[in-house]
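K.L.:
Just dropping this structure here.
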Amino acid sequence: MADITLSAAVRQNLLTLQQTADFMSGVQNKLATGKKVNSALDNPNSFFTASGLNNRAKDLSNLLDDMGQVVQTMKAADQGITNITKLTETAKAKANQALQTQSQYERAQYAKQYNDLLKQIEDMAKDSSYKGKNLLAGEGNNLTAIFNEDNTSKLTVTAVDYTDTTLSTGLNLQDLALAKGGAASLQIEGGKASATFLNATGDALSSGSLLQDATGLAVGDVLQLRTAASGGGAGVTGFTNITIGANTTVQNLVDQINGVAGVRAEFDEKTGSLSIISNDNVYLHNTNASAATPAPSDLISVSAANFTSGSQLLKNSGSFNVEDILTLTDGNGYELGSLEVTDKTSVKDLTDFIKRFNGVNASFNTSTGKLTIESDVSLNLKSTNADFAATSFTADTDGVNVVAAVESGFATDEAINQTIDKLNNALSLLRSQASEFGTNLSTVQIRQDYTKSMINTLQEGAGKLTLADTNEEGANLLALQTRQQLASTSLSFASQADQTVLSLF
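Per my numbering, the very first residue in the sequence shown carries number 106; after that it's consecutive.
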């Protein structure tokens with residue numbers, strides 16, 4: 106079969122249509138992909154330059170993610186240090202509160218609260234981690250922020266250690282000693298006996314009456330206060346034997362007895378009754394020396410015993426008397442409270458008075474007659490009565506002392522002021538460290554914003570090299586479509602010219 110021969114006009118129009126179709130395919134591809142350079146074949150220089158820019162933008166984008174995590178880690182540390190500062194300020198407030206009171210008990214409570222706050226500071230530091238990195242936990246927690254793709258631009262944030270407040274390289278705050286209590290006992294005991302002093306006519310003597318007027322007594326008799334009956338035992342310390350003289354009165358005897366520690370004499374003006382209340386066995390003995398044939402006798406015999414019931418009245422002990430004022434103070438001399446003894450005040454009343462104070466307990470042993478005081482801090486129980494806590498006719502001027510085994514770390518003003526100084530140093534350190542963290546955080550955030558801008562710049566530059574102008578390419582497509590239509594029409598005309606030869610047949 107012979108080859109088909111096309112006329113020059115037809116061939117030219119056909120070639121134009123083929124070229125137009127190729128151009129349209131290229132434009133449609135650009136519109137479909139949005140890029141004018143899709144491969145190195147399109148434009149090697151633009152393609153490889155844009156690839157380099159996009160690769161750098163991708164590397165920086167990965168670093169940007171890391172920077173975001175660095176920011177979050179630093180924010181966690183910043184929040185931690187902010188709240189640690191608040192806890193430290195609260196600890197300082199506790200120290201100042203302790204300084205404002207002289208109560209040892211209150212100071213002991215503040216010391217305990219102070220230690221609790223230090224524990225919270227340590228826990229806060231331990232809880233300030235983010236994804237396993239904790240800038241408040243010291244060694245092994247340094248943080249590095251990388252800002253460029255070759256690691257030549259970076260920032261290292263050094264971690265501090267606040268998980269142990271005692272570290273000298275950290276807050277340097279030590280736990281305070283906590284008060285450990287002590288105990289002391291008061292023996293409550295006593296006995297009472299009486300004798301009635303009457304004159305020869307049976308009338309009661311008054312305190313101003315002469316002793317010689319009492320039945321059974323005469324000038325020259327010697328009155329003794331002894332530790333055993335019938336003139337036995339020893340003479341009681343503090344009592345001077347009374348030789349009844351012409352002017353010796355009942356009141357002289359009362360005063361002499363009241364001069365003995367732990368012994369009290371009471372005289373009833375109406376009945377002429379002389380009562381002796383004593384913590385120890387005691388006997389008022391008359392030698393009857395005035396008689397031709399002396400017949401010694403005990404005028405009053407007091408048999409003392411331990412109190413065995415909380416309902417027993419304190420006034421029946423030689424250590425207490427109506428209108429006594431009992432005062433409870435701590436080691437700093439701070440008065441917790443006081444109790445006035447009345448004729449109805451019982452052992453239970455005294456026990457309840459002591460127990461009502463925080464950190465203090467009191468219990469009465471009905472078997473031994475001992476009132477035991479237990480306290481978290483040093484305490485002292487004193488009385489306005491010189492006979493308080495007297496034993497064996499010996500006064501105890503110190504009262505009942507409870508000595509704490511360990512005083513609290515806030516026991517003295519000096520100790521509190523030293524703690525406040527340390528807290529001030531810790532606060533200065535915290536604020537300085539917070540400022541440093543803040544500066545580092547700002548730096549990373551600035552570099553983060555810069556990196557975002559740089560990524561945008563790189564991507565924009567790559568886009569200028571490879572992205573297609575859709576408006577332009579759309580116009581090109583319309584123009585090519587018009588050219589295609591015109592070429593088709595021209596091809597039709599050329600074909601019609603070739604067909605005119607057929608009209609000859």
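All C-beta atoms in this analysis are idealised placements derived from N, C-alpha and C, irrespective of residue type, glycine included.
So F252 and R536 are supposed to be a Cβ contact under 8 Å. How far apart are they, rounded?
P.N.:
Between R536 and F252 the Cβ distance is about 28 Å, and since that is not below 8 Å, they are no contact.
K.L.:
What whole-angstrom Cβ distance do L303 and A309 have, given they're in contact under 8 Å?
P.N.:
Yes, they are in contact, since the Cβ atoms of L303 and A309 sit about 6 Å apart, within 8 Å.
K.L.:
Measuring CB to CB, does A366 end up less than 7 Å from A520?
P.N.:
Taking 7 Å as the Cβ cut-off, A366 and A520 do not qualify as a contacting pair.
K.L.:
Evaluate K197 with the Cβ neighbour count: other Cβ atoms within 10 Å of its Cβ, from every protein chain shown; 16 or more gives buried, anything less gives exposed.
P.N.:
Buried: at least 16 other Cβ atoms inside 10 Å.
K.L.:
For L534, name the three-state secondary structure that DSSP assigns.
P.N.:
Helix.
K.L.:
For the beta strand (DSSP E) holding V359, just list the boundary residues, first then last.
P.N.:
Per DSSP, V359 belongs to no beta strand (DSSP E); it is in the alpha helix (DSSP H), 355-363.
K.L.:
Out of T548, F412, G566, L283, point me to the one whose CA is closest to Q209's CA.
P.N.:
Comparing Cα-Cα distances from Q209 to each of T548, F412, G566, L283, the minimum goes to L283.
K.L.:
If you compare alpha carbons, which of S540, T594, K453 is closest to N466?
P.N.:
With distances taken between Cα atoms, N466 lies closest to K453.
K.L.:
Rank F469, G464, S402, D385 by C-alpha distance to the C-alpha of Q417 and give the top, closest one.
P.N.:
Of the listed residues, the one whose Cα sits closest to Q417 is F469.
K.L.:
Applying the 10 Å Cβ sphere with the 16-neighbour rule, what's the burial state of S497?
P.N.:
The residue in question, S497, is exposed, as its Cβ has fewer than 16 Cβ neighbours within 10 Å.
K.L.:
Using a Cβ-Cβ cutoff of less than 7 Å, which residues in the same chain neighbour A53 once the five nearest sequence positions on both sides are dropped?
P.N.:
Coverage of the chain is limited to positions 106 through 610, which leaves residue 53 absent and any answer about it impossible.
K.L.:
Starting from F458, follow the alpha helix (DSSP H) in both directions and report where the run begins and ends.
P.N.:
Residues 452-460.
K.L.:
Which residue spans inside the segment 190-248 form an unbroken alpha helix (DSSP H) run of at least 4?
P.N.:
Fully enclosed alpha helix (DSSP H) runs of 4 or longer: 209-231.
K.L.:
Express the C-alpha separation of N159 and L272 in angstroms, rounding to a whole number.
P.N.:
Rounded to whole angstroms, L272 to N159 spans 50 Å at the Cα level.
K.L.:
Could you check which residue in L532, N522, P149 has the C-alpha nearest to that of L276?
P.N.:
When each option's Cα is compared against that of L276, the closest is L532.
K.L.:
Which whole-angstrom value describes the C-beta separation of V341 and V407, a residue pair presumed to lie in contact below a C-beta threshold of 8 Å?
P.N.:
The pair is not a contact, with the Cβ atoms about 11 Å apart (cut-off 8 Å).
K.L.:
Considering only residues of the segment 291-353, which uninterrupted beta strand (DSSP E) runs meet the minimum length of 3 residues and lie entirely inside it, listed in chain order?
P.N.:
With a minimum length of 3 residues, the continuous beta strand (DSSP E) runs that stay inside the segment 291-353 are 294-301, 327-331.
K.L.:
Assuming the contact rule is C-beta atoms closer than 8 Å, L433 and G442 should be a hit. Round their C-beta distance to whole Å, please.
P.N.:
Going by Cβ atoms, the distance from L433 to G442 rounds to 6 Å, so yes, they are a contact pair.
K.L.:
So what does DSSP say about G288, is it helix, strand or coil?
P.N.:
The question names Gly, but residue 288 is Ala in the sequence shown. A288 falls in the strand class under three-state DSSP.
K.L.:
Could you tell me the distance, in whole angstroms, from the CA atom of K191 to the CA atom of L528?
P.N.:
Each residue's alpha carbon lies about 12 Å from the other.
K.L.:
Tell me, which residues are paired with R369 by DSSP?
P.N.:
Answer is I382.
K.L.:
Just list the residues that DSSP pairs V511 with in beta bridges.
P.N.:
BP columns for V511 point to K285.
K.L.:
Following the continuous beta strand (DSSP E) through Y388, name the residue where it begins and the one where it ends.
P.N.:
Start and end: 387-391.
K.L.:
What do you reckon, are the CB atoms on T348 and V327 nearer than 7 Å?
P.N.:
Closer than 7 Å, so yes.
K.L.:
By alpha-carbon positions, which one of N256, D266, A409, T332 ends up nearest to A230?
P.N.:
Ranking the options by Cα distance to A230, first place goes to D266.
K.L.:
Under three-state DSSP, which class holds V265?
P.N.:
Coil at V265, not helix or strand.
K.L.:
Please state whether the Cβ-Cβ distance between G474 and F515 is less than 7 Å.
P.N.:
No, Cβ-Cβ distance for G474 and F515 is not below 7 Å.
K.L.:
Is DSSP giving V549 helix, strand or coil here?
P.N.:
In this structure, V549 counts as helix in the three-state DSSP scheme.
K.L.:
Throw me the rounded Cβ distance for the D280 and N220 pair, which I believe falls under 8 Å.
P.N.:
D280 to N220, Cβ: 5 Å. Contact.
K.L.:
Roughly how many angstroms lie between the CA atoms of L583 and Q564, to the nearest whole one?
P.N.:
Roughly 30 Å between the two C-alpha positions.
K.L.:
Cβ of S314 within 7 Å of Cβ of V359?
P.N.:
It is not a contact, given that the beta carbons lie outside the stated cut-off.
K.L.:
By DSSP's criteria, N485 is part of a beta bridge. Which residues make up the other side?
P.N.:
In the DSSP output, where bridge partners are listed per residue, N485 has T434, N506.
K.L.:
Leaving out five residues before and five after S299 in sequence, what residues of the same chain have Cβ atoms less than 6 Å from its Cβ?
P.N.:
Excluding sequence neighbours, S299 sits near S378, S380.
K.L.:
How big is the Cα-Cα spacing for G415 and G423?
P.N.:
The straight-line gap from Cα to Cα measures roughly 17 Å.
K.L.:
If the criterion is Cβ atoms closer than 7 Å, does the pair N384 and E445 meet it?
P.N.:
Contact flag unset, no.
K.L.:
From the DSSP output, in three-state form, read off Q124 for me.
P.N.:
Q124: helix per DSSP, three-state reduction.
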